[in-house]
Amino acid sequence: MLLFVGSVSFAQSTQSTPSPEEMLGEKPIPKPPTAPAGTTTNLPPAPSSEKTMTNTLITPAAEAKPKKKKKRLKGPVDTEPEDFEKEPEPAKPLIERAADYLQGPQEGMSDRVIVLANEVDRLFGTTRALDEYYESSLRIYQTSYVNSKGSGSYDISTNLNLSLPNWKDTEKKFQNWWNGPQDDEGKVTQKEFKEANPWEFNQGVNLRFSRPVAYGALARVSKNFLTGDVVNHFYQQVGWDSDRLWESVTSLTNDYALDRKLLFRFLDEADWGISDEKFNSYHGPSLIYTINRVSLTSFDLRLITIIEDNNLYTDNYTAGITYRTAVLPLNWLFVQITPELSWPRREHFTATWTMYFEIEIVFGSVKQ
């Protein structure tokens, strides 16, 4: 009997009450072994519960990575962080805002319209191309025509634009005076200075092989500026001719690119014969399609006015199509054909047709 009871009591003593960790399904923290009373041991002291919990439990705060500091963006103008509050800048005066809009920032320019307009002017050999594309240039051209009254041709004409070192120095000084001093000129590049002061000054001589030979000289000032997506080219020219004496030409061209090859252009031009007191003006749109690198087609409508006896009259209406191409491999030889329908005042605005044929030679050194 005693053995049975003892075994039972032994079995009961070996069973232990489950800990709270075991009841929750977690692994209990092991306890260090205890030495019998009266004995010494070299075991390290039991860690405190606070340190044990710190080493075994990983909190979300401990798992999160430290936040990175916001960096300032480096560039032409340092950018402040988003949470940095800036003081509002004072509004510009109205006249300064209008000037900024008329000239337009360089970075806001539409590359498409600029490139297309430059290509069109280069192929047409306009005054803008002679001024901006070539350093020095020689242009020789002759125009023939056929209409209902017969055929004929105009005299051979030449335009020579020379880049003379001494004249260029004088021209540069005049340009600097015209554009005004720049307080921060030493802080900007030459390209930025030219973009901020886009006035161009050019000069040339004219020669017409007529009987007698006619000759003349001219000076021209021009400027490109932007309004929205429209590139505008303005020039004012004053010259003297042995036949027409003193005369002036004022021109404003507005260009807008409809797509990569199609350019819409509107022209306003006034020719004033200062000496003979004659005045003509030309107004109208053009739709210019660039076929390839050396050819283009232009559809033109024009209204031509004249001043006689201090009265302004409509002198002519014209509608024409121009095809112009370079004769490859001679990039300096151009051929131009223009069938045109006109309603001149001297014909009582009766429709007449004319076919123009022009040969043009352009030699020049391209600006670097």
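Sequential numbering of the sequence shown, starting at 761, is according to the numbering used here. For glycine and all other residues, C-beta sits at the position ideal for the given N, C-alpha and C. Computed from a predicted structure; not experimentally measured.
Here's a check: name, in chain order, each residue in its chain whose Cβ is nearer than 6 angstroms to the Cβ of residue i, leaving out the five neighbours to either side.
| i | result |
| --- | --- |
| residue 898 | 920 and 1123 |
| residue 967 | 918 and 975 |
| residue 994 | 983 and 1012 |
| residue 1103 | 1077, 1109 and 1111 |
| residue 1043 | 1028 and 1063 |
| residue 1010 | 996 and 1030 |
| residue 1041 | 1030 and 1065 |
| residue 1060 | 1046 and 1080 |
| residue 906 | 1115 |
| residue 1058 | 1046, 1048 and 1082 |
| residue 1106 | none |
| residue 1113 | 1101 |
| residue 900 | 918 and 1121 |
| residue 739 | The structure shown does not extend to residue 739, since the chain is modelled only from 761 through 1128, so no value can be given for it. |
Can you tell me where the beta strand (DSSP E) with residue i in it begins and where it stops?
| i | result |
| --- | --- |
| residue 969 | 960-969 |
| residue 987 | 974-987 |
| residue 1118 | 1112-1126 |
| residue 903 | 894-907 |
| residue 918 | 916-921 |
| residue 1001 | 990-1001 |
Using C-beta distances below 8 angstroms, list every residue in its chain close to residue i, excluding the 5 sequence neighbours before and after it, in chain order.
| i | result |
| --- | --- |
| residue 1087 | 1093, 1094 and 1095 |
| residue 873 | 989, 990, 991, 1015, 1016, 1017 and 1023 |
| residue 1054 | 883, 1085, 1086, 1088 and 1091 |
| residue 1072 | 1065 and 1066 |
| residue 903 | 913, 914, 1116, 1117 and 1118 |
| residue 978 | 963, 964, 965, 966, 997, 998, 999 and 1000 |
| residue 1039 | 1030, 1031, 1032, 1033, 1066 and 1067 |
Excluding the 5 residues preceding and the 5 following residue i in the sequence, name in chain order all residues of the same chain whose CB lies nearer than 7 angstroms to its CB.
| i | result |
| --- | --- |
| residue 1023 | 876, 877, 880, 1015, 1017 and 1048 |
| residue 1006 | 1000, 1034 and 1035 |
| residue 909 | none |
| residue 1002 | 974, 975 and 976 |
| residue 821 | Below a pLDDT of 50, predicted positions are generally treated as unreliable, and residue 821, at 45, falls in that range; no measurement from the model is reported. |
| residue 1051 | 1057 |
| residue 1021 | 1049 and 1050 |
| residue 970 | 915 |
Per the DSSP calculation, residue i is bridged to which residue(s)?
| i | result |
| --- | --- |
| residue 880 | The partner list for residue 880 (beta bridge, DSSP) is empty, contrary to what the question assumes. |
| residue 1100 | 1080 and 1114 |
| residue 875 | None; residue 875 has no bridge partner. |
| residue 1107 | Looking at the DSSP assignment, residue 1107 forms no beta bridge with any residue, so it has no partner. |
| residue 1010 | 996 and 1030 |
Subject >> Runs of alpha helix (DSSP H) lying entirely within the region 1017-1097, each at least 4 residues, in chain order >> reply: none
Original post:
Three or more C-beta pairs closer than 8 angstroms, one from the region 908-915 and one from the region 1027-1038: is that the case here?
Top reply: Because the criterion of three Cβ pairs below 8 angstroms is not met, the region 908-915 and the region 1027-1038 do not touch.
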